[in-house]
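Letter by letter, the first sequence follows residues 5 to 260 of my numbering.
C-beta atoms are modelled at their ideal positions from N, C-alpha and C, and glycine is treated no differently.
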Amino acid sequence: MPELPEAETIARSLAPRLEGRRIVDVEFFARRAHGGRPPEVAGRRIRRVRRYGKQVMIELDRGLLFVRLGMTGSLLLRAGAGPYTRARFTLDQGTLCFDDVRQFGSIRLMDRPPEHLGPDPLEIPATQFVDRLRGRRAQVKRLLLDQSFLRGIGNIYADEILFRARMHPKAVAARISPLRARRLHRAIVEILSRAIKKGGSSISDYVDGEGRQGFFQIQHKVYGKQGTPCQKCGAIIRRIVVAQRGTHYCPTCQRI
DNA sequence: CTTAATGTTCCCCA
DNA sequence: TTGGGGAACATTAA
């Protein structure tokens with residue numbers, strides 16, 4: 005469920021209900037959900053709720069809670085714990101549950117944001133992005149998925165971005181012309197911004213903090229569209245594997 | 001029964 | 001150091 009647009013949508017839906025609240029109790033129902041010791045944040049106040057890469061960052065009056073949503077994580081404003089509720093924060097007003105079926109997600113208390121993450125894809129200037137691409141011999145899709153290269157892009161949006169930029173997922177970054185690199189940067193900003201406007205993509209079970217679905221999946225051009233005709237040229241969308249992830253692209257629109 | 005799924009991390013090899 | 005491949009983690013759905 006969680007890439008940058010989903011994390012952004014969740015953060016926006018939670019912010020007005022969480023900011024200013026005080027945490028009165030913290031419960032964890034699964035060890036994996038904190039990976040160590042449960043963060044002892046009872047008594048602390050929530051200052052701000054924002055997105056950081058594809059994580060939701062909850063700023064406290066002391067410390068930062070980083071919610072990594074993994075593959076199936078969600079943050080929900082409701083009191084009742086379901087079978088997949090892994091943690092629950094009781095607030096002075098309301099309750100926040102962290103649900104996560106597959107348990108690839110976790111919540112950790114930090115002093116500062118993780119330093120191994122690259123720049124935000126919506127903030128990096130085009131010139132800087134072009135520079136970063138040069139000098140990398142990796143396949144471009146691998147780079148888009150690499151959170152130390154850019155923070156926030158995942159498998160769905162990598163495919164949609166590459167289609168938008170008319171670029172083959174296996175194109176070698178260093179061999180991309182500056183012109184096409186700029187086009188890729190534009191595609192990143194356009195696809196992510198549009199997805200945020202639509203509230204993210206609900207392809208299986210993604211919902212925001214209030215349980216609302218996203219609608220960007222309606223506009224997917226290649227992700228999950230293997231075997232169907234390309235909306236642009238009619239060629240059949242192909243599915244290959246890149247970086248061990250399903251990769252969807254149009255063989256005629258996207259040339260190496 | 002097999003395969004794939006919005007992710008990350010760790011290990012191995014070139 | 002960079003880059004690629006594979007496995008592992010846990011669970012569900014097709």
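When DSSP builds the beta bridges, which residues end up paired with residue i?
i	result
Gln221	None; Gln221 has no bridge partner.
With a CB to CB cut of under 7 Å and the five nearest residues on each side skipped, what residues in its chain are close to residue i?
i	result
Met171	Val144, Arg184, Leu188 and Gln258
Glu7	Lys58, Gly156, Ile157, Gly158, Ile160 and Tyr161
Ile14	Val60, Leu79, Asp212 and Gly213
Gln230	Ile241, Arg242, Arg243 and His252
Arg82	Thr99 and Cys101
Ala46	Ile27, Val28, Asp29 and Val30
Can you list, in chain order, the residues of its chain whose CB lies under 8 Å from that of residue i, leaving out five sequence neighbours each side?
i	result
Pro233	Ala239, Ile240 and Ile241
Arg2	It is not possible to answer for residue 2, since the shown part of the chain is limited to 5 through 260.
Pro117	Tyr56, Met61, Leu68 and Phe70
Ala349	Examination of residue 349 is not possible in this model, given that the chain is present from 5 through 260 alone.
Arg48	Arg26, Ile27, Leu64, Asp65, Arg66 and Gly67
Roughly how many whole angstroms lie between the Cα atoms of residue i and residue j?
i	j	result
Gly228	Val211	19 Å
Arg168	Ala191	6 Å
Ile165	Ser197	11 Å
Ile260	Arg35	45 Å
Leu148	Asp135	14 Å
Pro173	Arg249	11 Å
Met114	Leu121	14 Å
Gly203	Arg21	18 Å
Ser206	Pro9	11 Å
State the DSSP-derived secondary structure class of residue i, mapped to helix, strand or coil.
i	result
Ile128	coil
Leu252	Per the sequence shown, residue 252 should be read as His rather than Leu. His252 falls in the strand class under three-state DSSP.
Glu31	strand
Glu164	helix
Ala142	coil
Val134	helix
Pro117	coil
Ile14	helix
Output yes or no for whether 8 Å exceeds the beta carbon distance between residue i and residue j.
i	j	result
Leu80	Asp96	no
Gly109	Gly74	yes
Glu23	Arg52	yes
Phe133	Arg90	no
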